[in-house]
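K.L.:
Plus 136 on top of the position in the sequence shown (first one is 1) and you've got the working numbering.
Sharing a structure here in structure tokens format.
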Amino acid sequence: MWGSKGNMPLDRRAPLLPGVIRESVRKADKHHLTGKPTELMRQLVRICESGGRVLDPFAGSGTTLVAAELEGYCWTGVEKTEHYAEVTKSRIGQL
Numbered sequence: 137m138w139g140s141k142g143n144m145p146l147d148r149r150a151p152l153l154p155g156v157i158r159e160s161v162r163k164a165d166k167h168h169l170t171g172k173p174t175e176l177m178r179q180l181v182r183i184c185e186s187g188g189r190v191l192d193p194f195a196g197s198g199t200t201l202v203a204a205e206l207e208g209y210c211w212t213g214v215e216k217t218e219h220y221a222e223v224t225k226s227r228i229g230q231l
């Protein structure tokens, strides 16, 4: 999802992604029932322009936030389940 104030800029410097991306889920990525591969999320967060912020309003175990941190982006995550919020804190703290 792309969010911006106003129209999406046409002179973006961030890459566009292909329509299909395939990535295997490794056991190390399974911190949540619907856990995503960290490498997949690293590819996806790169559509954010340099200096941008990644927002994950349903953070789960934080894979998107871990990917954003690894790629050097600022990030904001929201997770209502305390257990998964703690999992996310732990994962970010281990980077």
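From the three backbone atoms N, C-alpha and C, an ideal C-beta is built for every residue, glycine too.
My output table needs one value for Thr-224: the three-state DSSP class, helix, strand or coil.
P.N.:
Helix at Thr-224.
K.L.:
What residue range does the alpha helix (DSSP H) around Arg-178 cover?
P.N.:
Counting along the chain, the alpha helix (DSSP H) containing Arg-178 begins and ends at 174-181.
K.L.:
Between the Cα of Ala-164 and those of Arg-149, Gln-179, Val-202, spot the shortest distance and give me the residue it belongs to.
P.N.:
Ala-164 has its Cα closest to that of Val-202, out of Arg-149, Gln-179, Val-202.
K.L.:
Beta-carbon separation of Gly-198 and Gly-213 under 8 Å?
P.N.:
Closer than 8 Å, so yes.
K.L.:
Under a Cβ-count criterion, where at least 16 other Cβ atoms within 10 Å of its own Cβ denotes burial, should Gly-196 be classed as buried or exposed?
P.N.:
Buried is the call here.
K.L.:
I need the boundaries of the alpha helix (DSSP H) containing Thr-101, first residue and last residue.
P.N.:
No information on residue 101 is available, as it lies outside the stretch 137 to 231 that the chain covers here.
K.L.:
Give me the Cα-Cα distance between Cys-210 and Thr-170, rounded to the nearest whole angstrom.
P.N.:
Distance between the alpha carbons of Cys-210 and Thr-170 is about 23 Å.
K.L.:
On a CA-only basis, which of Ser-226, Ile-183, Thr-224 is nearest Gly-208? Give me that one, please.
P.N.:
Among Ser-226, Ile-183, Thr-224, the Cα nearest to that of Gly-208 belongs to Ile-183.
K.L.:
Would DSSP call Asp-147 helix, strand or coil?
P.N.:
Reduced to three states, the DSSP call for Asp-147 is coil.
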